[in-house]
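Colleague: This is the structure, below, for whatever I ask next.
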DNA sequence: AGGACGTGTTCGTCAAACCGAACAGGTAGA
DNA sequence: TCTACCTGTTCGGTTTGACGAACACGTCCT
């Protein structure tokens, strides 16, 4: 599942704006001036009244020095721990490849976080994901050949690689008990 | 630096919409119907004419099953490798703590990726980052005590933790050559 | 041909986002 | 107190995004 939370984030935007503005120590008047919009507009937005245009919201994001998405999607944070081997294992047809989901794309986020454990054997081939997906892999221990089919590389412990996830790619462990962190980033 | 690319992404949105729509194999008419907007509106948006409201763009994101940000920010990807010990080391006052930047927040992204190597000694204390930052840590090898001050936990190889980055937090290695992957996520 | 359905386009109308000014409250200083 | 300046609010007027119908193509089937 990607994002697609049901309702449009009208009041989320309202709260985000106020939060970010106060965090930045700006007055409503000053922020409106910097963003080049009428302060009445900003006032109404923070009141939850209204449905800003992209241009307006963008200008506010720039003026606040905050990524666009922070304004339209709610914050969320908590301490959460998954002990080694305790997370939900992702079903895999190959027994010598186990991916544990550490942090699933929460509503509004854009990456999944996996812990991958694999043994030598048939390479695991992944069909292209959604367009725009980028994968990052950090080898924790062992050795593996991975990357897009055709430009896969051999990596060892401590090595890092990033590659497009929307083309076929593979992961083949070269040593037993090879462990890696995999980030699948949506963008 | 966060995001804040200069100009509003009017034509970026245009291209994103067309790309995602064709990728999904939907006709303009059909997508408009599913999103519950007039097809004329969608037509003009894909033509680069117009400045959609958040509600409109949100509806399109939902109908396309695509995170909001994918519509407003351009794609980008490439294969890139950083061999162990080869990345730019982040300056640290403490010699027993080395963070290597694997993937810096590119224009429009919202996370930094670090490889952390540390030895036992004074805990590394981090002042709160920007509001809304979430950190994820995966211990590759060794053992460490980490988390928000007051609720730090002891983790071993393979363990994973996530916690808010906008409160004071610490990282203290308990074994020599403790290695971890750190993701600092902006949201 | 001539419909019957697709596609995506352009047009006039209406609602609403945006603007600027006028407004009420709060604090600082003469 | 009276003025000056700040805060954020509410109010008409203008601009413009969104709608739906009418439009110009293509394709297929009768």
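Residue numbers (my numbering), protein chains in the order written: chain A, 1 to 187; chain B, 1001 to 1187. Glycine included, C-beta positions come from ideal geometry on N, C-alpha and C. Keep in mind it's a predicted model, so treat the numbers as computed, not measured.
Which stretch, first to last residue, makes up the alpha helix (DSSP H) that contains residue 162 of chain A?
Modeller: Counting from one through the first chain, the residue named residue 162 of chain A turns up at place 162. Note, residue 162 of chain A: premise wrong, no alpha helix (DSSP H); beta strand (DSSP E) at 160-164.
Colleague: Decide if residue 162 of chain A is buried, meaning its Cβ has at least 16 other Cβ atoms within 10 Å, or exposed.
Modeller: As a first step, residue 162 of chain A is located in the first chain; it is residue number 162 there, counting from the start. Residue 162 of chain A should be labelled buried.
Colleague: List the endpoints of the continuous alpha helix (DSSP H) containing residue 1056 of chain B.
Modeller: On the second chain, position 56 is the one that residue 1056 of chain B refers to. Looking at the DSSP string, the run of the alpha helix (DSSP H) that includes residue 1056 of chain B is 1054-1064.
Colleague: Going along chain B in order, which residues have a C-beta closer than 9 Å to the C-beta of residue 145 of chain A?
Modeller: Position 145 of the first chain, counted from the start, is the residue given in the question as residue 145 of chain A. Chain B residues near residue 145 of chain A: none, gap ~12 Å exceeds 9 Å.
Colleague: Nearest-angstrom Cα distance between residue 153 of chain A and residue 27 of chain A?
Modeller: For the purposes of this step, residue 153 of chain A is taken as the residue at position 153 of the first chain. For the purposes of this step, residue 27 of chain A is taken as the residue at position 27 of the first chain. If you take the alpha carbons of residue 153 of chain A and residue 27 of chain A, they lie about 52 Å apart.
Colleague: Any Cβ of chain B within less than 9 Å of the Cβ of residue 115 of chain A?
Modeller: Residue 115 of chain A sits at position 115 when you count from the first residue of the first chain. Yes - at least one Cβ of chain B is within 9 Å of the one on residue 115 of chain A.
Colleague: For residue 1050 of chain B, collect the residues of the same chain with a Cβ closer than 6 Å to its Cβ; drop the 5 residues on either side in sequence, then sort them by chain order.
Modeller: As a first step, residue 1050 of chain B must be located in the second chain, where it is residue number 50. For residue 1050 of chain B, where only same-chain residues beyond five positions count, the Cβ hits under 6 Å are 1044.
Colleague: In chain B, what lies closer than 8 Å to residue 52 of chain A by C-beta?
Modeller: Locating residue 52 of chain A in the first chain gives position 52, counting from the first residue. Within chain B, the residues near residue 52 of chain A are 1053 and 1054.
Colleague: Write down the C-beta distance between residue 117 of chain A and residue 98 of chain A rounded to the nearest angstrom, noting that I regard them as a contact closer than 8 Å.
Modeller: Locating residue 117 of chain A in the first chain gives position 117, counting from the first residue. Locating residue 98 of chain A in the first chain gives position 98, counting from the first residue. Contact flag correct, Cβ pair sits at about 5 Å.
Colleague: Listing by chain order, which chain A residues have their CB less than 9 Å from the CB of residue 1013 of chain B?
Modeller: Here the question's residue 1013 of chain B lines up with position 13 in the second chain. Neighbours of residue 1013 of chain B on chain A, chain order: 54.
Colleague: With 8 Å as the C-beta to C-beta threshold (strictly closer), list the residues of the stretch 61-74 of chain A near chain B in chain order.
Modeller: Residues 61, 62, 65, 66, 67, 68, 69, 70, 72 and 73.
Colleague: To the nearest angstrom, how far is it from the Cα of residue 1063 of chain B to the Cα of residue 1037 of chain B?
Modeller: What you label residue 1063 of chain B is simply residue 63 of the second chain in a count that begins at 1. What you label residue 1037 of chain B is simply residue 37 of the second chain in a count that begins at 1. Using only the alpha carbons, I get a separation of about 11 Å.
Colleague: Note down, in chain order, all residues in the stretch 1151-1163 of chain B with a beta-carbon under 8 Å from any beta-carbon belonging to chain A.
Modeller: Cβ contacts with chain A come from 1151, 1153, 1155, 1156, 1157, 1158, 1159, 1160, 1161, 1162 and 1163.
Colleague: Compare the Cα-Cα distances from residue 1014 of chain B to each of B/1160, B/1178 and B/1047 and report the closest residue.
Modeller: Looking up residue 1014 of chain B in the second chain gives position 14. Among B/1160, B/1178 and B/1047, the Cα nearest to that of residue 1014 of chain B is on B/1047.
Colleague: For the beta strand (DSSP E) containing residue 112 of chain A, list its first residue and its last residue.
Modeller: Stepping through the first chain from its first residue, residue 112 of chain A is reached at position 112. Looking at the DSSP string, the run of the beta strand (DSSP E) that includes residue 112 of chain A is 111-118.
Colleague: Tell me the DSSP secondary structure of residue 32 of chain A in three-state form.
Modeller: Translated into positions along the first chain, residue 32 of chain A becomes position 32. Correct three-state label for residue 32 of chain A: helix.
Colleague: Out of curiosity, what's the CA-to-CA distance linking residue 1143 of chain B and residue 1122 of chain B?
Modeller: The sequence position of residue 1143 of chain B within the second chain is 143, counting from 1. The sequence position of residue 1122 of chain B within the second chain is 122, counting from 1. Their Cα atoms are separated by approximately 14 Å.
Colleague: Can you give the Cα-Cα distance for residue 11 of chain A and residue 157 of chain A, rounded to whole angstroms?
Modeller: To locate residue 11 of chain A, count along the first chain from 1; it is residue 11. To locate residue 157 of chain A, count along the first chain from 1; it is residue 157. In a straight line, the C-alpha of residue 11 of chain A is about 46 Å away from that of residue 157 of chain A.
Colleague: In whole angstroms, what separates the C-alpha of residue 24 of chain A from that of residue 1138 of chain B?
Modeller: Residue numbering aside, residue 24 of chain A sits at position 24 when the first chain is read from its first letter. Residue numbering aside, residue 1138 of chain B sits at position 138 when the second chain is read from its first letter. If I take the Cα positions, the gap works out to 31 Å.
Colleague: Could you tell me whether the Cβ atoms of residue 125 of chain A and residue 71 of chain A are closer together than 9 Å?
Modeller: Position 125 of the first chain, counted from the start, is the residue given in the question as residue 125 of chain A. Position 71 of the first chain, counted from the start, is the residue given in the question as residue 71 of chain A. Against a cut-off of 9 Å, the Cβ pair of residue 71 of chain A and residue 125 of chain A comes out as no contact.
Colleague: Can you pull the chain A neighbours of residue 1027 of chain B, defined as C-beta to C-beta under 7 Å?
Modeller: Within the second chain, residue 1027 of chain B is the residue found at index 27, counting from 1. Under the 7 Å cutoff, chain A gives no residues; its nearest Cβ is about 18 Å from residue 1027 of chain B.
Colleague: Check whether the Cβ of residue 21 of chain A lies closer than 9 Å to any Cβ atom in chain B.
Modeller: Mapped onto the first chain, residue 21 of chain A falls at position 21. For residue 21 of chain A, the answer is no, since every Cβ of chain B falls outside 9 Å of its Cβ.
Colleague: Counting C-beta neighbours from all protein chains within 10 Å, is the total for residue 1056 of chain B 16 or more, i.e. buried, or is it exposed?
Modeller: Against the second chain, residue 1056 of chain B aligns to sequence position 56. Its Cβ being crowded by 16 or more others within 10 Å, residue 1056 of chain B is buried.
Colleague: Using 9 Å as the threshold, is the C-beta distance between residue 172 of chain A and residue 1185 of chain B below it?
Modeller: Working through the first chain from its first residue, we reach residue 172 of chain A at position 172. Working through the second chain from its first residue, we reach residue 1185 of chain B at position 185. Not closer than 9 Å, so no.
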